[in-house]
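**Q**
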Amino acid sequence: MDLIDLHIHSSASDGTCAPADIVRSAARAGLKAFALTDHDTVSGLAEAAEEAAAAGIEFIRGIELSTNTEDRLSVHILGYWVPENCPDEQFEVFRLTRDNRNARMIERLNSLGIPQTFEDVSAESEGEALGRPHIAKALCRKGVVRSMKEAFDLYLGSGGMAYVPREPLPPSEAVSLLKGLGCTVSLAHPMLIGGGERKAEEIARGLVPFGLDAVEAYHSSQSSWDERFLTGMAKSLGLLVTGGSDFHGGNKPGISIGKGKGSLRVGYGVLGALIRSREQRGLPV
Ligand code: AMP
Ligand code: FE
Ligand code: FE
Ligand code: ZN
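Following this note's numbering, the numbering of the sequence shown begins with 39 at its first residue and continues without gaps.
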């Protein structure tokens, strides 16, 4: 079976590998196609597209937008076939809520007596979208914690001493923005939202009127039980499915491109169905 990976992060957001390195890893993994889906930025796509063309591997221009429900659940929305001329400013509001929240977490750290600055944190990133992994790295570098895991367990994870949730930014806004750009839109890792199957279903159903096309049925953190549930849910809502590893390089150890934690398998047929659906609607592929 030809395999694909439709969920990958590079150093343009909070992954550790440059876009060109991602292409080489995808080719080495024998993938037929892959998408780069950095958080809230398209700044890595040009490099990846160029390398992918040279390597002869099918490439889908993607993005993963971070949103928050009123009840402070974190909902990620994947967009595919982001147009080539799309300026990164389109996604600025998503990066701004990121920056505000990072600043508030840094203030919390300061009030705990940890002299962390915004400059320390941005020094940990080569990209456009700063996030908790960069704060975690800065804490490691300062010797405040011994590992990223400790940084999340003690300070940055939900329940951590410096944790601040993001301001509400409705998932429907992300779906509408991406649909307006002509993207195919998928609800990312529904089982990671944190409200179980019922909440996942409720959120997906609520996004259908905004044009949601698919749900991410296959993901490194989702079990085969979850895959069956989400595939069934997609069918009953009239949606397609997507899938990918959510590779972040060294920022999420144990996850590899195309294979996830080892058992992930996303077949080319998943992409084939997305392409057919776009063709039926006259959208470019
Ligand atoms: P942010 O987008 O700033 O909320 O950061 C979310 C990112 O932090 C995720 O995409 C992961 O890369 C990373 N992350 C979240 N929780 C953990 C954790 N417990 N350990 C390590 N990395 C984590
Ligand atoms: Fe991430
Ligand atoms: Fe995500
Ligand atoms: Zn992701």
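Just so it is clear, CB atoms sit at the ideal spot from N, CA and C, and this is done for glycine as well.
Return the Cβ separation of H77 and A167 in integer angstroms, given the expectation that the two are a contact with Cβ distance under 8 Å.
**A** What you label residue 77 is simply residue 39 of the sequence shown in a count that begins at 1. What you label residue 167 is simply residue 129 of the sequence shown in a count that begins at 1. Right, the Cβ-Cβ distance comes to about 5 Å (below 8 Å), so this counts as a contact.
**Q** Please report the distance separating the alpha-carbon of K217 from that of S49.
**A** Position 179 of the sequence shown, counted from the start, is the residue given in the question as residue 217. Position 11 of the sequence shown, counted from the start, is the residue given in the question as residue 49. Cα-Cα distance, rounded: 26 Å.
**Q** Beta-carbon within less than 6 Å of V183's beta-carbon, same chain only, minus the 5 sequence neighbours each way: which residues are those?
**A** In the sequence shown, the residue the question calls residue 183 occupies position 145. Excluding residues within five positions, the ones whose Cβ falls inside 6 Å are L177 and A189.
**Q** Per DSSP, what kind of secondary structure is E188 in: helix, strand or coil?
**A** Position 150 of the sequence shown, counting from 1, holds the residue named residue 188. Helix at E188.
**Q** With which residues is V304 paired in a DSSP beta bridge?
**A** Indexing the sequence shown from 1 puts residue 304 at position 266. The partner list for V304 (beta bridge, DSSP) is empty, contrary to what the question assumes.
**Q** Helix, strand or coil: how does DSSP classify D102 here?
**A** Here residue 102 refers to the residue found at position 64 of the sequence shown. Note that residue 102 is Glu in the sequence shown here, rather than Asp. Reduced to three states, the DSSP call for E102 is strand.
**Q** The beta strand (DSSP E) with S112 in it runs from where to where?
**A** Here residue 112 refers to the residue found at position 74 when the sequence shown is read from its first residue. That run of the beta strand (DSSP E) goes S112 to Y118.
**Q** For the beta strand (DSSP E) that contains S51, what are its first and last residues?
**A** Position 13 of the sequence shown, counting from 1, holds the residue named residue 51. Element bounds for S51: n/a, residue is neither H nor E.
**Q** Should H77 be listed as close to ligand 2, given that the test is whether its C-beta is under 8 Å from any heavy atom?
**A** Here residue 77 refers to the residue found at position 39 of the sequence shown. Correct: H77 has its Cβ closer than 8 Å to ligand 2.
**Q** For the beta strand (DSSP E) that contains S149, what are its first and last residues?
**A** For the purposes of this step, residue 149 is taken as residue 111 along the sequence shown, with counting starting at 1. First-last for S149: E130 to S149, but that is the alpha helix (DSSP H), not the beta strand (DSSP E).
**Q** Taking only three categories from DSSP, how would you classify D126?
**A** One-based indexing of the sequence shown puts residue 126 at position 88. In the structure shown, D126 sits in a helix (DSSP, three-state: H, G or I).
**Q** State the DSSP-derived secondary structure class of Y193, mapped to helix, strand or coil.
**A** Residue numbering aside, residue 193 sits at position 155 when the sequence shown is read from its first letter. Looking at Y193 - three-state DSSP - the assignment turns out to be helix.
**Q** Spell out the partners DSSP gives F72 in its beta bridges.
**A** Your numbering for residue 72 matches position 34 in the sequence shown. BP columns for F72 point to D43 and F97.
**Q** With distances taken between CB atoms, is the gap from H257 to L230 smaller than 9 Å?
**A** Taking the first residue of the sequence shown as position 1, residue 257 is located at position 219. Taking the first residue of the sequence shown as position 1, residue 230 is located at position 192. Contact flag set, yes.
**Q** Pull up the distance between the alpha-carbon of G165 and that of P57, whole angstroms please.
**A** As a first step, residue 165 must be located in the sequence shown, where it is residue number 127. As a first step, residue 57 must be located in the sequence shown, where it is residue number 19. Cα-Cα distance, rounded: 11 Å.
**Q** Indicate whether the contact test is met: 3 or more Cβ pairs, each with one atom in the stretch 88-96 and one in the stretch 104-117, closer than 8 Å.
**A** Short answer: they don't touch.
**Q** Is G169 near ligand 2, with its Cβ less than 8 Å from a heavy atom?
**A** For the purposes of this step, residue 169 is taken as the residue at position 131 of the sequence shown. Within the cutoff, so yes.
**Q** Please name the residue or residues paired with D107 in a DSSP beta bridge.
**A** In the sequence shown, the residue the question calls residue 107 occupies position 69. Reading off the sequence shown, one finds Thr at residue 107, where the question assumed Asp. Its beta-bridge partners do not exist; DSSP assigns none.
**Q** Are L41 and G296 touching if we call contact CB-CB under 9 Å?
**A** In the sequence shown, the residue the question calls residue 41 occupies position 3. In the sequence shown, the residue the question calls residue 296 occupies position 258. Against a cut-off of 9 Å, the Cβ pair of G296 and L41 comes out as a contact.
**Q** Quick check on T79: buried or exposed, where buried means 16 or more other Cβ atoms within 10 Å of its Cβ?
**A** Taking the sequence shown and counting its residues from 1, the one referred to as residue 79 is at position 41. With 16 or more Cβ atoms within 10 Å of its Cβ, T79 is classed as buried.
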